[in-house]
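For reference, the structure is listed below as structure tokens.
Residue numbers (the numbering used here): 695 to 1047.
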């Protein structure tokens, strides 16, 4: 008999600042995965991202301009957006919700879209999407093509250190035991039925509502149904422009050499997302054919090229570019050493407090 279950309505919430060069491919990726709506909060964009978001409205992209980077009382942009998004009709009317950024792409292994992933985990109220860090793949210049096409080198699976290599984002039911969005996982009113990336129920992850790390030594990537490819560096030139944008959840934190070496892992090739790329390209072509989309994207790319020229014209920018070339790729420590480094840092933090 044919499957008569209704297709779940899925809404993604995101925060944008100067993301116009990357937005079309990212939205195409989400639409190809079965996302109905993208609720996009913009902050002081200088590259014309707002115009591009407006042009993408026919594809379910909803623009929520936020104005200044900091709201009343200095509220951080992401938390301000999360508070607003919870009761927005695009979220209130959805079946499943997810908060991710434009440098995060969902890679599937088995299921072909998010409704298929949800079907593979019956009874789940929350599904962990574990980060896998992708580095610059040796690229100085941006080059052509979508982000997942250009960057296919990543951290080794099950990397213990740095801890952010095992962070998660969460796909969750709107009618589950949740009281609002969080950056990595929703605020929960009771432990939900939480499934990990293999589809197994994880009651420890469910019980600790503050836990955002999913680490398992000796992980077999083939067992994963899903991972979240995190392209937080992209190329060296793109990273130099990203520095001027700042971070939406840590407005006082620098995007610098330390940020680079904690994320620029190129030790292994990861092709999990590769089967999704042809459909992504087809949907992206459809999006670029919408009125105003190609022009707004082109204007954003022109802005990014001009911003890079300005950075490299300064001694500080030119120096950092050279340092990033020297720091060609980070290497993950052996698992035992990684756990020791985490414990050492935790003990130092505890002693300080």
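Cβ atoms here follow ideal geometry from the backbone N, Cα and C, with glycine treated the same way.
| Check | Outcome |
| --- | --- |
| With H, G and I counted as helix, E and B as strand and the rest as coil, what does DSSP make of residue 905? | coil |
| For residue 1038, does the count of other Cβ atoms within 10 angstroms reach 16, so buried, or fall short, so exposed? | exposed |
| With H, G and I counted as helix, E and B as strand and the rest as coil, what does DSSP make of residue 702? | coil |
| Alpha carbon to alpha carbon, how far is residue 949 from residue 832? | 19 Å |
| DSSP puts residue 878 in a beta bridge; with which residues? | DSSP, once it has assigned bridges, lists no residue as partnering residue 878. |
| Write down every uninterrupted run of the alpha helix (DSSP H) in the region 984–1028 whose length is 4 residues or greater and which is fully enclosed by it, in chain order. | 987–1006 and 1009–1020 |
| According to DSSP, which residues form a beta bridge with residue 736? | 710 and 759 |
| Would you kindly work out how many angstroms separate the C-alpha atoms of residue 909 and residue 985, rounded to a whole number? | 45 Å |
| Since residue 790 is in the beta strand (DSSP E), which residue starts that stretch and which ends it? | 790–793 |
| If the criterion is Cβ atoms closer than 9 Å, does the pair residue 959 and residue 837 meet it? | no |
| Quick one: which unbroken beta strand (DSSP E) runs of 3-plus residues sit fully inside the region 783–866? Chain order, please. | 790–793, 798–802 and 820–827 |
| Can you find the residues in the same chain that come closer than 8 Å, C-beta to C-beta, to residue 944, ignoring five residues on each side of it along the sequence? | Unreliable positioning characterises residue 944 in this predicted model, as indicated by a pLDDT of 42, which lies under 50. The coordinate reading is nonetheless provided below. Here the set comprises 770. |
| What is the rounded straight-line gap between the Cα of residue 952 and the Cα of residue 700? | 47 Å |
| Taking the alpha-carbon positions, what's the residue 969 to residue 815 distance? | 21 Å |
| Return the CA-CA distance between residue 1046 and residue 1036, expressed in angstroms with no decimal places. | 16 Å |
| First and last residue of the beta strand (DSSP E) that includes residue 921? | 920–924 |
| Do you know how far the Cα of residue 980 is from the Cα of residue 785? | 25 Å |
| Quick check: the region 738–750 against the region 992–1012, are at least 3 beta-carbon pairs closer than 8 Å? | yes |
| If you run the structure through DSSP and keep just helix, strand and coil, what is residue 948? | coil |
| Do residue 704 and residue 728 count as a contact pair if the criterion is CB distance below 9 Å? | yes |
| Does DSSP classify residue 716 as helix, strand or coil? | coil |
| Would you kindly check if the distance between the Cβ of residue 788 and the Cβ of residue 758 is under 9 Å? | no |
| Could you say if the region 841–855 and the region 1004–1015 meet the contact criterion of at least three C-beta pairs nearer than 8 Å? | no |
| Quickly, what does DSSP pair residue 895 with across the bridge? List them, please. | 889 |
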